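Asks: Residue numbers (this note's numbering), protein chains in the order written: chain V, 3 to 191; chain S, 3 to 191. Here you go, one structure.
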């Protein structure tokens, strides 16, 4: 085999998650992940800075995609509508094939306090990216902050619903439904 | 002097913040903080688990106070009204005498990425405490989550405004004003 391993990124992701699930996150080494994937540690480090990045590496892609779609949303869209358009586009990442991996990932994170903190920080990063993108659209500070918090809650809620074992809906559909419910809930706060 | 040092907690807090400001957070040791306060390391550790707790030790008191006041708010209060009552009560902690210390603390946190992360996590803890207290009042899940996110934004915004050098308003007054502005902003999202 040459230096370029086909699907190395995906093989390493799957191997890591298997091991995190079997042995726990803290007890798994990069060497073991590489071995399980049939690859070398060197290849692992070409794809990830460390084992935590296997779980959180998608974060920047996600924030960037959401920000781009907010900026590019139709001029007539309200702040929360622009966020809705952006979150529906995340459907590309949260595809049906990805769901099982995401469920396993969530179980690993739930079992480790450091990873739970990381996941919370990721959530605040996404809210900040949403607010910044709205300001770029000319939305005022407080309205941008408020829409970003509501949009971030829509994202988290849709994501949790998407992961539920009984769920059969796609991510975009869940986003539309959640935003509708949040608009209705807003009357009661 | 006996083992019980008068105002030890406050003297240590002030000494720590002075040193963090002068030398940076990472370069300051517990021994130096104790020395500056004219106390021993032993006394320091009777009041704080570590130097980070000087900056974040008030967090649990704050979350508990907010949760208690939400639970105890008048039955007729809407979720955000209950949060408003609770945040106005925080005025006891964010008193005018406390403001300079809080400003210095904020400057120290702004200069250190680990402390910034800790501050963000504190913010999510407060939002979670608000949501849990609202559920105890019988508020439904999504309405509780939404009100907690809006309430947390109200808290953060009021706090930032309170710290601004030109500000002359008290914390409770800023809370009332911010919540009013957020209700008006909600129409535009």
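For each residue, glycine too, the CB sits at the ideal point set by N, CA and C. As the structure is a computational prediction, the values presented were derived from the model and not from experiment.
#1: Residue 30 (chain V) to residue 22 (chain V), Cα distance in whole Å?
#2: Going by CA-CA distance only, name the one from V:184, V:18, V:37, V:54 that's closest to residue 116 (chain V).
#3: Mapping the DSSP letters down to three states, classify residue 62 (chain S) as helix, strand or coil.
#4: Taking only the alpha-carbon atoms, compute the straight-line gap between residue 36 (chain S) and residue 52 (chain S) and give it to the nearest angstrom.
#5: Would you call the CB atoms of residue 149 (chain V) and residue 136 (chain V) closer than 8 Å?
#6: Which residues in the same chain as residue 49 (chain V) place their Cβ atom closer than 7 Å to its Cβ, once the five residues preceding and following it in sequence are excluded?
#7: Just to check my reading of the structure: residue 174 (chain S) and residue 90 (chain S) have Cβ atoms closer than 8 Å, yes? What is that Cβ distance to the nearest angstrom?
#8: Buried or exposed for residue 96 (chain S), please, with buried defined as at least 16 other CB atoms from any protein chain shown within 10 angstroms of its CB.
#9: At what residues does the alpha helix (DSSP H) containing residue 167 (chain S) begin and finish?
#10: Below 7 Å between beta carbons is the criterion; list the residues of the stretch 105-127 of chain S that meet it against any residue of chain V, in chain order.
#11: Give me the Cβ distance between residue 1 (chain V) and residue 132 (chain V), rounded to the nearest whole Å; I'm assuming they're in contact under 8 Å.
#12: Mind checking if residue 151 (chain S) is an interface residue toward chain V, Cβ cutoff 8 Å exclusive?
#13: Is it buried or exposed, residue 164 (chain S), if we count other Cβ atoms within 10 angstroms and call 16 or more buried?
#14: Going by C-alpha distance, which of V:46, V:25, V:32 is nearest residue 7 (chain V)?
#15: Could you name the residues of the same chain whose beta carbon sits closer than 7 Å to that of residue 79 (chain S), not counting the 5 residues immediately before and after it, in chain order?
#16: Give the residues from the stretch 125-148 of chain S that approach chain V closer than 7 Å (Cβ to any Cβ), ordered along the chain.
#17: Excluding the five sequence neighbours on either side, which residues of its own chain have a C-beta within less than 8 Å of the C-beta of residue 109 (chain S), listed in chain order?
#18: Compare the Cα-Cα distances from residue 168 (chain V) to each of V:19, V:81, V:105 and report the closest residue.
#19: Would residue 8 (chain V) count as contacting chain S if we go by Cβ distances under 8 Å?
#20: Determine the chain V residues that contact residue 191 (chain S) at a beta-carbon separation under 7 Å, and present them in chain order.
#21: If the cut-off is 8 Å on Cβ atoms, which residues from the stretch 155-187 of chain S count as contacting chain V, listed in chain order?
#22: By the three-class DSSP mapping on this structure, what secondary structure does residue 153 (chain V) have?
#23: Roughly how far, in whole angstroms, is the beta-carbon of residue 151 (chain S) from the beta-carbon of residue 141 (chain V), given that I think they are within contact range, below 8 Å?
#24: Could you check the C-alpha separation between residue 130 (chain V) and residue 94 (chain V) for me, to the nearest Å?
#25: List, from N- to C-terminal side, the alpha helix (DSSP H) runs of 4 residues or more that fit wholly inside the stretch 63-106 of chain S.
#26: State the DSSP-derived secondary structure class of residue 191 (chain V), mapped to helix, strand or coil.
#27: Three-state secondary structure (DSSP) at residue 141 (chain S)?
#28: Kindly list the residues whose CB is nearer than 8 Å to the CB of residue 98 (chain S), restricted to its own chain and excluding five residues on each side of it in sequence; keep chain order.
#29: Taking the continuous alpha helix (DSSP H) assigned at residue 33 (chain V), which residues delimit it?
Replies: According to the structure data:
#1: As a working note, residue 30 (chain V) is residue 28 in the first chain. As a working note, residue 22 (chain V) is residue 20 in the first chain. Cα to Cα, residue 30 (chain V) sits roughly 6 Å from residue 22 (chain V).
#2: Stepping through the first chain from its first residue, residue 116 (chain V) is reached at position 114. Minimum Cα distance to residue 116 (chain V) is reached at V:54.
#3: As a working mapping, residue 62 (chain S) is identified with position 60 in the second chain. Three-state DSSP puts residue 62 (chain S) in a helix.
#4: Counted from its first residue, the second chain places residue 36 (chain S) at position 34. Counted from its first residue, the second chain places residue 52 (chain S) at position 50. About 12 Å.
#5: Here residue 149 (chain V) refers to the residue found at position 147 of the first chain. Here residue 136 (chain V) refers to the residue found at position 134 of the first chain. Yes. Within cutoff.
#6: Locating residue 49 (chain V) in the first chain gives position 47, counting from the first residue. The residues are 10, 11, 14.
#7: As a first step, residue 174 (chain S) is located in the second chain; it is residue number 172 there, counting from the start. As a first step, residue 90 (chain S) is located in the second chain; it is residue number 88 there, counting from the start. With a Cβ gap of about 4 Å, residue 174 (chain S) and residue 90 (chain S) count as contacting.
#8: Reading the second chain from its first residue, position 94 is the one you call residue 96 (chain S). It is buried - the Cβ of residue 96 (chain S) has at least 16 other Cβ atoms within 10 Å.
#9: Against the second chain, residue 167 (chain S) aligns to sequence position 165. Careful: residue 167 (chain S) lies outside any alpha helix (DSSP H) and carries neither H nor E.
#10: 119, 122, 123, 126
#11: Look at the range of chain V in this structure, 3 to 191, and you will see that residue 1 (chain V) is not part of it.
#12: For the purposes of this step, residue 151 (chain S) is identified with residue 149 of the second chain, where counting begins at 1. Yes, residue 151 (chain S) counts as interfacial toward chain V.
#13: Counting from 1 along the second chain, the entry for residue 164 (chain S) is found at position 162. By the neighbour-count rule (16 or more Cβ atoms within 10 Å), residue 164 (chain S) is buried.
#14: Residue 7 (chain V) sits at position 5 when you count from the first residue of the first chain. The candidate whose alpha carbon is nearest that of residue 7 (chain V) is V:46.
#15: In the second chain, the residue the question calls residue 79 (chain S) occupies position 77. The answer, listed in chain order, is 87.
#16: 126, 144, 145, 147, 148
#17: The residue labelled residue 109 (chain S) in the question sits at position 107 within the second chain. So the list reads 23, once near-sequence residues are dropped.
#18: As a working mapping, residue 168 (chain V) is identified with position 166 in the first chain. Here the closest residue by C-alpha is V:105.
#19: Within the first chain, residue 8 (chain V) is the residue found at index 6, counting from 1. Closer than 8 Å: no.
#20: Locating residue 191 (chain S) in the second chain gives position 189, where the first residue counts as 1. The contacting residues are 80, 81, 82, 145, 148, 149, 152.
#21: 155, 159, 183, 184, 187
#22: Along the first chain, one-based indexing puts residue 153 (chain V) at 151. Helix at residue 153 (chain V).
#23: Stepping through the second chain from its first residue, residue 151 (chain S) is reached at position 149. Stepping through the first chain from its first residue, residue 141 (chain V) is reached at position 139. So it is not a contact: roughly 17 Å between Cβ atoms.
#24: Here residue 130 (chain V) refers to the residue found at position 128 of the first chain. Here residue 94 (chain V) refers to the residue found at position 92 of the first chain. Approximately 21 Å between the Cα atoms of the pair.
#25: 81-91
#26: On the first chain, position 189 is the one that residue 191 (chain V) refers to. Reduced to three states, the DSSP call for residue 191 (chain V) is coil.
#27: Locating residue 141 (chain S) in the second chain gives position 139, where the first residue counts as 1. Residue 141 (chain S) falls in the coil class under three-state DSSP.
#28: Locating residue 98 (chain S) in the second chain gives position 96, where the first residue counts as 1. Only 172 meet the Cβ criterion.
#29: Counted from its first residue, the first chain places residue 33 (chain V) at position 31. Residues 32-38.
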